[in-house]
Structure formats: C-alpha cells, structure tokens
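Enquirer: Numbering (the numbering used here), first residue to last: 122 to 746.
Just so it is clear, CB atoms sit at the ideal spot from N, CA and C, and this is done for glycine as well.
Have a look at the structure that comes next, please.
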Ligand code: G6P
C-alpha cells in the first residue's frame, strides 16, 4: 500500500540507494514510482514514471540527475486517489518547486483542504490527496520565521501543517532550502528509521535498508522525525521530545533477496520447513508436554482457565489460518472460538463476553482493518493478543501480548510461508491453552510436540519429491480452465479457501473454496469438464464423506484432482489425478496440504505469464480500510 523511502548521507550519492530501497518496497504497490533529490548544485530534481520501478530506472538512465545528491526521497505507489498515471505519481511538489512530499495513507479531509488552498491561490497538478500536504507545508514554511540557516524551520512547518490534517499517513518531506534534513511523520501507517554510521534512512518497512543497517527506530503514531545524516530527533505532534532506543533487527539481509529462485514466492514456499522450525522448535517443552512463549501473557495458566471464548480476527490468508485456529482451540483446549473478517468484526459491535480473548492474526501487523478491529476490541475491554510476523509493527506494539511467527521477511505478495507460520503459532497456542486448562495431559501434549518436530522432515520431503512434476503436468493441462473449485471438510475447508485465494491472486483465474458437504447446495451446478475440482482428501474421520462428495463430482462429468495421504488407495479410483502428500496426524494436515495448492497456483500463474510476486491490483500490506 505504497512504499516510501528516504536517505540522508554525510557524503556521496544516494540515488542508487533510493532505487535499491524502492525495489525492496515494490511489493507494497507498483502503479507508479518516483524519486526526488537535492543535488550538490542546490537543485531540487524529480523523476517519475508510470508503472513498475523498472520504468523509473529507465527514465533515470535517459535523464539522470544533474549532479550528485546526498539527500533524497522515493515512492512506489498503490493508487487510491487518482488514476495510476505519471501526474499522480509521487513525489508531489508545491507551487514554487521548493519542496516535495511522498506519502502512504489517505488524507480524509483533503477536499476541504484543497478547496481552501486553491482559494488562497495554490495550483494543483494532480488528483491525489497527497498534494495538499506539499502546499500546506509550502504555506507554513513561508509563514514561519527563519530561512535556510534555520535548521528546525522545515520540521516546524510540518508540525503546523499536520495540525489541520485528518487521516492516516506516513510521509516524508524534502526541501531545497534545507538540503541536509528530511522531515518524516506518522499517523496509523508504518514508518521506521534506519541508523547507519554514515547515513540515516526512513522507510515504510525494514527490508528497504536491511543491507545497510539493522538499527531501527519505529515511529509511533503522532510523531514527527527530523532526520539528518548523523541521526534524528523525534517529537510528538504536540511538540514534546521523545527518546527511544533503537531495536536491533536480526533478520538476515539475504532473506530479502531471491537467492537463485526465479520468484520470491517459490523461494518462500521452499523455506517452509525451516519456517516451521523457527516458529516452533525453541518454544517446545518436551518434559512438560507444553509450549513456552516469550510473552508472559500466554504463560499464565490461571488466565487461560478464565478465558471463555476466543475471537480470532484477520484478513485474507491470515483469516484462513484463523479458521484452522478455531478448530485447534476447540479440539485441543475445549475452548469456544469464532473467526471473523476484521472488516466485518470491527463494525458488527460483537457482543462482549466475560472472559473473551481477542486474537488478531497478521503478517504485516499493519493491516488497517485488523488494527481497527483490535482497537475496537480493546475499547470494549477485551484483552488483545496477536500473532504477528513483522517485529515492531503497530499491532505488535499495541497488542497486550504477542506471538511472533519468526518467518522472516515475506516479499511475494501472496502469503505462503507466513500462512504456515500462523498455523504453527495457533497450534502452539492451542496446546498451551489445552495444557493450562487441563484439556490435554502431559502425555498428549508431548505427543503433539513430537508430531510437530517430525513434520519438518515431511514438509522437506514433499518439496523435494515428485509432487512438483505432477503439479506442473496438471498446471499445463488446466492453465486455461474456466475456473477451479476447491473442496474440503473440517480442517481442510480453510485450506480449500486458501488454495482458491492463491490461485485467484496470482493467476487471475476464478476459483472458489467450498465445504465439500455444502457443494450440493449450489456449486455443483458449475461442475463440468472445463471446471477442475480439487478435493482435499487426506486421512481423517471425515474422509469417507469427502469421497462421497468426490463421487458426486465424478458422476456429473467433473474433472477431479485429489490431494491424498500417501498409501490412500481409494482416492486413485475416484480421482482423475492424485497428488500424494506425506501421511501426518489429521490436525497437522493443513500445514502439509496447503503446499501443493501453493505450488499449483504458482505453476499456473507462471504458465499464464502473470507477474507472480506482484499480482495486479494487490498490495502486500493493506494500510487503508
Ligand atoms: C493482503 C495480502 C494478503 C494478506 C492480507 C492480510 O490482502 O495480499 O496476502 O493475507 O493482506 O495481511 P496481513 O499482513 O494482515 O496478514
């Protein structure tokens, strides 16, 4: 949902660093991109281009900056206000060409602000909400005392300007008259600073500068940062100074590179055995048949005993993980659980229940609807727990207790390894709750822990085995299908939803996930040869019932692809194509079965020539409602 990046260096040229930083943020939006620098000659120069970052890089090759620049800002856009064309690309300028702004978020009162500014003679060049920021800062910079020698003037102008702005934003301002400073501000949209020895960076997300520094300051809502090559000063919008120690990020810088894979998505699919280990193994306590979390909220047995219900809330793939989590809490901890779309939950005014625990699930920790739902739950007095991948993100900070998923940075827009890590976190939490509430004995806890340890090898075998070749064959045959239906029962129903979502997201084929037993109430009308049906038919007490549903498809001339446990002979008689997966205990099957579906979506998207890591219209982190 737009990536912003800024750099101020003691010396040398930052334009390469800016482009590189934007490349790592391109997953956040790719409708257009732009850069602005102040050159050593004192000129403020801007280059923008519609489309991918590659178009901006080409523009820069044709028309390079007229000199070296040690300060600059950049932006990669996911369009909200105004079509994705060059005049709406950031950075946006003021009237006089004195300053530029990049912004992520939405200025809610921009129409009022724009009308007032236009009445005072400002001329607008775009249809964006962002442009009002440039004109507001322009006015306040002119009105304020102090010229170029007054280092604090730009920050003061930003402070004054933001007092009248309503909405969500992360923004960075660069001015020709203050070429040694960037001013950045945040309200409800992520922004962080990277502190290096000879430069300071600001970005929407840590991977943008991870190859340059691991020392990070996360801005909080309502904070403004004045950034120089030597460091930064933080103030609240109201003016008071804020001191904060940097957080050291231990993600591997290589993790944000493709490492020999043609796409991030494929690399991230292949990382899943290691992600399982990173998310789980250090937390397993074999002796007690239990799980230990870093956050004390989850270690308090008494607290778990008092929980009466769990409200799992998330968006997209994270919600599908939540649907699996509902089963885990009910089965392992005998704890009622419900799972809901964050965008619905937050406005539904859910009935408060004594002892309810709210559990948000989010890779980015910045999804606007998930944050909105978590805040609504907190307002109603519920304790807010969260499963989050992005360390230091807003949800991470605002939740009363956090389970980090430790999956490392995920760059592919379609979630894969972080979905698996969310399933692991939910499984661990359910074991913990089950042990604390007496629903699981030590022995039962131990056996589940043992199963989880054994799963790593199974995932590895699945990724290295023959499945990939079989999937490639199916993909080749079905790449032009009119759509796909994914069916599953019980724990496999959420995986059917996730399989359909992956395919839709990256191949643009229509796909539906459905409970296998419910298919006869509608989707069965779609069944014909041109609609492949993928049935999740691994070992479970419901398997016979799933077979019956598969027969129903078969009897109507449907084409059946079945995901089956190794050695499950019956499936081959019903299905046209069988994808074998390792046999694992039923509760862990979602972690296994999702992998062939991720690979199927990947192969089909590849054959259809789609942009797998950056599918059209999507963004990885959705910071608007
Ligand atoms: C976007 C992404 C999805 C993701 C969802 C929730 O739609 O494209 O892959 O599942 O947001 O994101 P979160 O960061 O909250 O998990």
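Taking only three categories from DSSP, how would you classify residue 522?
Expert: Strand.
Enquirer: Could you check whether the Cβ of residue 216 sits closer than 7 angstroms to any heavy atom belonging to ligand 3?
Expert: What this structure holds is ligand 1, not ligand 3.
Enquirer: If you draw a straight line from the alpha carbon of residue 170 to that of residue 521, how long is it in whole angstroms?
Expert: For residue 170 and residue 521, the distance between alpha carbons rounds to 43 angstroms.
Enquirer: Relative to the C-alpha of residue 399, which candidate in 545, 659, 594, 236 has its C-alpha closest?
Expert: That would be 545, whose Cα lies nearest to the Cα of residue 399.
Enquirer: Taking the straight line between their C-alpha atoms, what separation do you get for residue 571 and residue 532?
Expert: Looking at the two C-alpha atoms, the distance is approximately 31 angstroms.
Enquirer: Using the Cα positions of residue 357 and residue 440, report the straight-line distance between them to the nearest angstrom.
Expert: Each residue's Cα considered, the two are about 34 angstroms apart.
Enquirer: Counting along the chain, where does the alpha helix (DSSP H) carrying residue 667 start and finish?
Expert: Unbroken alpha helix (DSSP H) run through residue 667: 664-676.
Enquirer: Give me, in chain order, the residues of the same chain whose beta-carbon lies closer than 8 angstroms to that of residue 722; leave out the 5 immediate sequence neighbours on both sides.
Expert: These residues qualify, in order along the chain: 535, 620, 623, 624, 626, 627, 628.
Enquirer: Under 7 angstroms from any heavy atom of ligand 1, does the C-beta of residue 435 make it?
Expert: At least one heavy atom of ligand 1 is nearer than 7 angstroms to the Cβ of residue 435, so yes.
Enquirer: Are at least three pairs of beta-carbons, each pair with one atom in the segment 598-610 and one in the segment 512-530, less than 8 angstroms apart?
Expert: Verdict: no, contact absent.
Enquirer: For residue 308 and residue 240, I'd like the C-alpha separation in whole angstroms.
Expert: Straight-line Cα distance between these residues: approximately 27 angstroms.
Enquirer: At 3 residues or longer, what runs of the beta strand (DSSP E) sit wholly inside the segment 570-653?
Expert: Entirely contained in the segment 570-653, the beta strand (DSSP E) runs reaching 3 residues are, in chain order, 605-609, 632-636.
Enquirer: Which of the three DSSP states is assigned to residue 230 in this structure?
Expert: Coil, per DSSP.
Enquirer: Once DSSP output is grouped into helix, strand and coil, what is the label at residue 428?
Expert: Residue 428 falls in the coil class under three-state DSSP.
Enquirer: So, is residue 448 buried or exposed, given that buried needs 16 or more other C-beta atoms within 10 angstroms?
Expert: The residue is buried, with at least 16 neighbouring Cβ atoms inside 10 Å.
Enquirer: Report yes or no: is there a C-beta of chain C within less than 8 angstroms of the C-beta of residue 338?
Expert: Of the protein chains in this structure there is only one, and it is not chain C.
Enquirer: Tell me, to the nearest whole angstrom, how far the beta carbon of residue 154 is from that of residue 201; I am working on the premise that it is less than 8 angstroms.
Expert: Their Cβ separation, rounded to whole angstroms, is 16 angstroms, which puts residue 154 and residue 201 out of contact at 8 angstroms.
Enquirer: Can you give me the C-alpha to C-alpha distance between residue 168 and residue 741, rounded to a whole angstrom?
Expert: Taking the straight line joining both Cα atoms gives about 25 angstroms.
Enquirer: Tell me whether residue 737 is buried or exposed, calling it buried when 16 or more other Cβ atoms sit within 10 Å of its Cβ.
Expert: Burial call: exposed.
Enquirer: Is it true that the segment 460-476 meets the segment 422-442, where meeting means three or more beta-carbon pairs spaced less than 8 angstroms apart?
Expert: With the cut-off at 8 angstroms, the segment 460-476 and the segment 422-442 touch.
Enquirer: Just the C-alpha distance for residue 486 and residue 213, rounded to the nearest angstrom, thanks.
Expert: Using only the alpha carbons, I get a separation of about 28 angstroms.
Enquirer: Under 8 angstroms Cβ to Cβ from residue 717, same chain only, skipping five residues before and after it: list those, please.
Expert: Cβ within range, chain order: 583, 588, 592, 684, 700, 702.
Enquirer: Work out the CA separation of residue 179 and residue 251 for me, nearest whole Å.
Expert: Looking at the two C-alpha atoms, the distance is approximately 25 angstroms.
Enquirer: Give a yes or no on whether the C-beta atoms belonging to residue 314 and residue 350 are separated by under 8 angstroms.
Expert: Result no, Cβ atoms of residue 314 and residue 350 do not sit closer than 8 angstroms.
Enquirer: Going by DSSP, which residues form a beta bridge with residue 196?
Expert: DSSP lists 125, 155 as partners of residue 196.
Enquirer: Where do the N-terminal and C-terminal ends of the alpha helix (DSSP H) with residue 719 fall, by residue?
Expert: Counting along the chain, the alpha helix (DSSP H) containing residue 719 begins and ends at 710-728.
Enquirer: How many angstroms separate the CA atom of residue 263 from the CA atom of residue 303?
Expert: One C-alpha to the other measures close to 17 angstroms.
Enquirer: By how many angstroms is the C-alpha of residue 675 removed from the C-alpha of residue 659?
Expert: Each residue's Cα considered, the two are about 18 angstroms apart.
Enquirer: Would DSSP call residue 541 helix, strand or coil?
Expert: Residue 541 falls in the helix class under three-state DSSP.
Enquirer: Per DSSP, residue 315 forms a beta bridge with which residues?
Expert: Looking at the DSSP assignment, residue 315 forms a beta bridge with 322, 337.
Enquirer: Excluding five sequence neighbours on each side, which residues of the same chain lie with their C-beta closer than 6 angstroms to the C-beta of residue 413?
Expert: These residues qualify, in order along the chain: 404, 406.
Enquirer: Quick one, which of 590, 665, 632 has its alpha-carbon nearest residue 724's?
Expert: Minimum Cα distance to residue 724 is reached at 590.
Enquirer: Could you tell me which of 455, 508, 460, 343 sits nearest to residue 109, measuring between CA atoms?
Expert: Nothing can be reported for residue 109: it is not among the residues displayed for the chain, which extend from 122 to 746.
Enquirer: Check this for me: beta carbons of residue 419 and residue 550, under 8 angstroms apart or not?
Expert: In this structure, residue 550 lies closer than 8 angstroms to residue 419 by Cβ.
Enquirer: Nearest to residue 510 by CA position, among 454, 504, 484, is which residue?
Expert: The shortest C-alpha separation from residue 510 is found at 484.
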